[in-house]
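In full-length UniProt numbering, the protein residues as written are 1 to 342. We put the CB at the ideal spot given by N, CA and C, even for glycine.
Quick look at the structure:
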């Protein structure tokens, strides 16, 4: 359309074609129903990438084999939740019983006590443990002394590399009647407390030990995400008069928001899978009222009592809850903040 006039210029249909009528790019012989060249190129992207970088893709062979053998093949065992299993017989059970075992644990009041313990302990772990690595990473990022920063990181990372058995041993030594904690309590004139024999102290002890063991190592991903933020944003903010708190709130936190969202979704997915090993090592019959979770309950009823089908039904129920939580958290995060796992 010519500017300033009302006339419209007609473009010939043969524009952009060579004299012989062949379209640019040498696509003669391609019918009108054929996909465009760009779509054809995208079709062969994976094949071209595999041919070009096949040496790198070979590193995926062992992890994929591991996942297939130890993650996907065992899923076939979930059929035991619907079949009666007897040790020494078929690994997929002897006879079909339908939802018998599912109805069995749904009607079991003991299971719902364990379910409530799992929800409470999982909520405490998520609410307390998830924000602490973020706060620690922000504080480490503000340190100006590189030597002090490295020393602090080393000290906070070390507990993660300790065996859970060692951590549980530390907890027992600290909370014993003649342990360090009770020695301090006695020094201020109070009576010693038998922490490990009281169910009202179990959750506090568990969460506290998790903080000591996990928080330091959890800062690694956040510190890596902080290095991707452009320093020019901070310089511009300082020129505009923003203080350190305003820079953190408006630049740092939005910069690591995708990492926070992804890790939050992953943590929500493991919400019901409260640390089985540590709970098993710390709890005892006196603390079952608040410390017995689904994982330890399955361990007792399935392995100790031999009710494998009943334990499989409970485990399947727990897995479905975890899957639902992951899908819901991912959908909510995608709609609200635009970041998600997929």
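For the 8 Å CB-CB criterion, residue 332 and residue 315 do not form a contact.
Considering only 307, 234, 261, the residue with the shortest C-alpha distance to residue 337 is 261.
For residue 289, the closest of 159, 91, 198 by C-alpha to C-alpha distance is 198. Distance check between residue 99 and each of 115, 80, 165, 109 places 80 closest, using alpha-carbon atoms only. Counted as a single uninterrupted DSSP element, the alpha helix (DSSP H) harbouring residue 314 occupies residues 308-336. The DSSP-derived three-state label of residue 144 is coil. Distance from the CA of residue 253 to the CA of residue 329, rounded to the nearest whole angstrom, comes to 20 Å. Residue 198 carries a coil assignment under DSSP once its states are collapsed to helix, strand and coil. According to the DSSP assignment, residue 237 belongs to the alpha helix (DSSP H) that extends over 231-239. Just so you know, the alpha carbons of residue 187 and residue 173 end up roughly 18 Å apart. Under the three-state reduction of DSSP output, residue 86 falls in the coil class, being neither helix nor strand.
By the Cβ rule, the segment 218-233 does not count as touching the segment 199-209, because fewer than three pairs are nearer than 8 Å. Scanning its chain for C-beta atoms nearer than 8 Å, with the 5 sequence neighbours on each side dropped, one finds around residue 105 the residues 111, 310, 313, 314, 317, in chain order. The segment 278-285 makes no contact with the segment 239-250; the number of CB pairs closer than 8 Å stays below 3. Sorting 136, 162, 75, 97 by C-alpha distance to the C-alpha of residue 218 places 136 at the top. The Cβ atoms of residue 273 and residue 295 sit closer than 8 Å to each other. Per the coordinates, the alpha-carbon of residue 307 lies some 34 Å from the alpha-carbon of residue 62.
If you compare the alpha carbons of 151, 78, 87, 75 with that of residue 305, the shortest gap goes to 87. By the beta-carbon neighbour count (other beta carbons within 10 angstroms, threshold 16), residue 291 is buried. Our two residues, residue 216 and residue 265, have alpha carbons roughly 20 Å apart in a direct line. Bounds of the alpha helix (DSSP H) holding residue 104 are 100-106.
Inclusion of residue 325 and residue 269 in the CB contact set at 8 Å is warranted, their separation being smaller than that value. Per DSSP, reduced to three states, the secondary structure at residue 96 is strand.
Comparing C-alpha distances from residue 157 to each of 54, 168, 140, 169 shows the shortest one belongs to 140.
Secondary structure note for residue 264: its alpha helix (DSSP H) is the uninterrupted segment 257-269. Residue 124 has its alpha-carbon roughly 11 Å from the corresponding atom of residue 211.
Residue 58 has its alpha-carbon roughly 12 Å from the corresponding atom of residue 51. Under the DSSP assignment, residue 245 falls in the alpha helix (DSSP H) whose first and last residues are 244-247. Take residue 155, set aside five residues on each side of it, and the residues of its chain with a beta-carbon closer than 8 Å to its own are 216, in chain order.
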